[in-house]
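Right, one structure below, let's go through it.
See the structure below:
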């Protein structure tokens, strides 16, 4: 919004000064009032110089607030040069505005004027936060861009004179050959006694096998660094080893959050001597085999492997965390559960998320799945993510619908995401899992049908490479003629008294989906609402999901859902999306 008051020039000829009085002439002795047109042409727009406006102004750069000022005392006087009203503010106010910007944004203000250049330099000298974030998370390696980025970071660090720093964030696709620069930044952060250190190096080059090889190497000399104020540490795509993490924990007495991602140098890790650690995240560290955690105040723990890498299951990780509240495990399970809770299960553990992927060895069968669930009998919220091979293996168990799962006595909310094959695979074992949670209140199921799941016999039927389609042979609308609803009602042996809400995402109309919905509707005697969403869930890339073809489109699945709705008790509210 540009505020530029209009200025009109009015001239008065000397020959017209001796004009006759008119009816509008003011009486003698009174000061004639200036008509609006003869007022000075300076329009004073009073702006509320609030903090809020300046933040908006400096993040938008396309907005310029300028006022045209002129003294207009004579008709030939020209308007004075426009003045930047923001520059009239006190240095302290402008410095506080610049301090809210990232380094790259603040650097752009130097182009405004010489005064702004000095302000930026002065602000950087004592800024509590230095954030260098490229924002582009996937790019091919470019040496010149790396060197340019490094020069900017080094220049700013030389300008910084404050003895301490609250945050240092660096996000860029840095090549491994520039590891020395990274380690210099780490030393700078330790010298400034930083509170938050975030090194997020994006992938730049990819190997043919899908792995990336640009991880910068964390220097062993960093192990001697002391971090007296460090509370939050995030290391992504930095090759840190077991001893590096051990020394970091020992030298950071106040550390509360630690996140390590994409480091293949960690094999055996022991997390100890961290009395204040509350959050621990270890992701895609695919060399990790053994993990020991002794953290008395740890509340959130996340451990996962990269599903795109071929690797075996975790061997062991031993947990001694009496105050653990939330646990996320995503990985392969071998012949035994890798989790070992020392002494006892955490009494406060209420949120658990388990993701099971297909390991190199045989996928986990029902008994292995049972062993994993046995760790969490008292959780309140449970999320299960399962790959297709895991679903197939569990479904192979004979008469699994009659199997007894480990009792989940406190479970109230359960969410499941499953990669299902398009061919018939029974999902009725989910009903047994629901029965094992007598106080379950809500159940959410997301079904994914990925193109990689197709059989060789069906690949020839795909009209376009890279896309898979639902075919009419997969959507069976004849299930009603086979009296499946009555068969389901006759097979129900046990009722669930507390389940009230069921959500099913990715409903296509397959027979096993219909059977699952009908079973759940019969099991839950207090069921109030069923949501059937025919849209694919949004957790996967769209190109990886099965598509609808022209002959059997979304309307076919909707028709199946409408038919299914007629077979459900009328007191249940069925919503089709």
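In full-length UniProt numbering, the protein residues as written are 1 to 577. We put the beta carbon where it would ideally sit given N, CA and C, even for glycine. Please read these numbers as outputs of a predicted model, since none were measured by experiment.
Query raised in the report: Would DSSP call residue 578 helix, strand or coil?
Result: The requested residue 578 does not occur in the structure, where the chain is confined to residues 1 to 577.
Report task. From the DSSP output, read off the bridge partner residues of residue 125. Result -> Working through the chain shown from its first residue, we reach residue 125 at position 125. Answer is none; residue 125 lacks a bridge partner.
**Report entry** Among 330, 498, 325, 245, nearest to residue 346 - alpha-carbon criterion
**Finding:** Within the chain shown, the letter at position 346 stands for residue 346. Residue 346 has its Cα closest to that of 325, out of 330, 498, 325, 245.
Query raised in the report: In the DSSP assignment, what residue or residues form a beta bridge with residue 441?
Result: The residue labelled residue 441 in the question sits at position 441 within the chain shown. Bridge partners of residue 441: none, in fact.
Query raised in the report: Is the distance from the Cβ of residue 230 to the Cβ of residue 252 below 7 Å?
Result: As a working mapping, residue 230 is identified with position 230 in the chain shown. As a working mapping, residue 252 is identified with position 252 in the chain shown. Result yes, Cβ atoms of residue 230 and residue 252 sit closer than 7 Å.
Query raised in the report: Is DSSP giving residue 260 helix, strand or coil here?
Result: Walking along the chain shown from the start, residue 260 turns up at place 260. It is a strand residue.
**Report entry** Residues of its chain near residue 555, where Cβ-Cβ distance is below 6 Å and the 5 sequence neighbours each way are ignored
**Finding:** Position 555 of the chain shown, counted from the start, is the residue given in the question as residue 555. Result list for residue 555: empty, nothing under 6 Å.
Report task. State the DSSP-derived secondary structure class of residue 94, mapped to helix, strand or coil. Result -> For the purposes of this step, residue 94 is taken as the residue at position 94 of the chain shown. Helix at residue 94.
Report task. Answer with buried or exposed for residue 385, where buried requires no fewer than 16 other C-beta atoms within 10 angstroms of its C-beta. Result -> Translated into the one-based positions of the chain shown, residue 385 becomes position 385. With 16 or more other Cβ atoms within 10 Å, it is buried.
Query raised in the report: Cβ atoms of residue 295 and residue 321: under 7 Å apart, would you say?
Result: On the chain shown, position 321 is the one that residue 321 refers to. On the chain shown, position 295 is the one that residue 295 refers to. In this structure, residue 295 lies closer than 7 Å to residue 321 by Cβ.
Query raised in the report: Name the DSSP bridge partner or partners of residue 496?
Result: To locate residue 496, count along the chain shown from 1; it is residue 496. In the DSSP output, where bridge partners are listed per residue, residue 496 has 524.
Query raised in the report: CB residue 577 to CB residue 565, shorter than 7 Å?
Result: Position 577 of the chain shown, counting from 1, holds the residue named residue 577. Position 565 of the chain shown, counting from 1, holds the residue named residue 565. Going by C-beta atoms, residue 577 is not nearer than 7 Å to residue 565.
Query - 8 Å contact criterion, which residue 355 and residue 304 should meet: CB distance rounded - result: Within the chain shown, numbered from 1, the residue matching residue 355 stands at position 355. Within the chain shown, numbered from 1, the residue matching residue 304 stands at position 304. Going by Cβ atoms, the distance from residue 355 to residue 304 rounds to 7 Å, so yes, they are a contact pair.
Report task. On a CA-only basis, which of 153, 130, 184 is nearest residue 165? Give me that one, please. Result -> Along the chain shown, read from residue 1 onward, the residue named residue 165 stands at position 165. Considering only alpha carbons, the answer is 130.
Requested in this report: Below 7 Å CB to CB, which residues in the same chain sit around residue 223 once its five sequence neighbours on both sides are set aside?
Outcome: In the chain shown, counting from the first residue as 1, residue 223 sits at position 223. Excluding residues within five positions, the ones whose Cβ falls inside 7 Å are 243, 244, 247.
Query - Exposed unless 16 or more other CB atoms sit within 10 angstroms - verdict on residue 293 - result: Here the question's residue 293 lines up with position 293 in the chain shown. Counting Cβ neighbours within 10 Å, residue 293 comes out buried, since at least 16 surround it.
**Report entry** Helix, strand or coil at residue 268 according to DSSP, with G and I counted as helix
**Finding:** Position 268 of the chain shown, counting from 1, holds the residue named residue 268. Residue 268: strand per DSSP, three-state reduction.
Query raised in the report: Are there 16 or more other CB atoms within 10 angstroms of the CB of residue 495, so buried, or fewer, so exposed?
Result: As a working mapping, residue 495 is identified with position 495 in the chain shown. Under this definition residue 495 is an exposed residue.
Query raised in the report: In chain order, what residues of the same chain have a beta carbon less than 6 Å from the beta carbon of residue 302, not counting five sequence neighbours either side?
Result: Position 302 of the chain shown, counting from 1, holds the residue named residue 302. Excluding positions up to five away in sequence, the list reads 281, 328.
Query raised in the report: Buried or exposed: where does residue 109 fall if 16 or more other Cβ atoms within 10 Å of its Cβ makes it buried?
Result: Position 109 of the chain shown, counting from 1, holds the residue named residue 109. Residue 109 comes out buried.
Report task. Could you check which residue in 509, 97, 518 has the C-alpha nearest to that of residue 534? Result -> Your numbering for residue 534 matches position 534 in the chain shown. For residue 534, the nearest C-alpha among the options comes from 509.
**Report entry** Coarse secondary structure for residue 319, derived from DSSP in three states
**Finding:** Stepping through the chain shown from its first residue, residue 319 is reached at position 319. Strand, per DSSP.
Query raised in the report: When the Cα of residue 391 is compared with those of 142, 381, 448, 283, which residue comes out closest?
Result: Working through the chain shown from its first residue, we reach residue 391 at position 391. For residue 391, the nearest C-alpha among the options comes from 448.
Requested in this report: With DSSP as the reference, please indicate the residues paired to residue 370 in a beta bridge.
Outcome: Taking the chain shown and counting its residues from 1, one reaches residue 370 at position 370. Residue 370 is not bridged to any residue.
Query - Reference residue 507, options 500, 527, 498, 560, closest by Cα - result: Here residue 507 refers to the residue found at position 507 of the chain shown. The candidate whose alpha carbon is nearest that of residue 507 is 560.
Report task. Could you check the C-alpha separation between residue 562 and residue 505 for me, to the nearest Å? Result -> Within the chain shown, the letter at position 562 stands for residue 562. Within the chain shown, the letter at position 505 stands for residue 505. If you take the alpha carbons of residue 562 and residue 505, they lie about 15 Å apart.
Report task. Following the continuous beta strand (DSSP E) through residue 503, name the residue where it begins and the one where it ends. Result -> By one-based count along the chain shown, residue 503 stands at place 503. Start and end: 501-505.
Query raised in the report: Which partner residues of residue 415 appear in the DSSP bridge assignment?
Result: On the chain shown, position 415 is the one that residue 415 refers to. Paired residues: 383, 444.
Query raised in the report: Considering only residues of the same chain and omitting the five flanking positions on each side of residue 156, which have a CB-CB separation below 7 Å?
Result: For the purposes of this step, residue 156 is identified with residue 156 of the chain shown, where counting begins at 1. Cβ neighbours of residue 156 beyond the five flanking positions: 103, 124, 130.
Report task. Output the boundary residues of the alpha helix (DSSP H) element that contains residue 557. Result -> As a first step, residue 557 is located in the chain shown; it is residue number 557 there, counting from the start. Segment 554-565, the alpha helix (DSSP H) holding residue 557.
Query - Beta-carbon gap between residue 267 and residue 289 smaller than 7 Å - result: Counting from one through the chain shown, the residue named residue 267 turns up at place 267. Counting from one through the chain shown, the residue named residue 289 turns up at place 289. In this structure, residue 289 lies closer than 7 Å to residue 267 by Cβ.
**Report entry** DSSP three-state assignment for residue 198, whether helix, strand or coil
**Finding:** Along the chain shown, read from residue 1 onward, the residue named residue 198 stands at position 198. Residue state, collapsed to three classes: strand.
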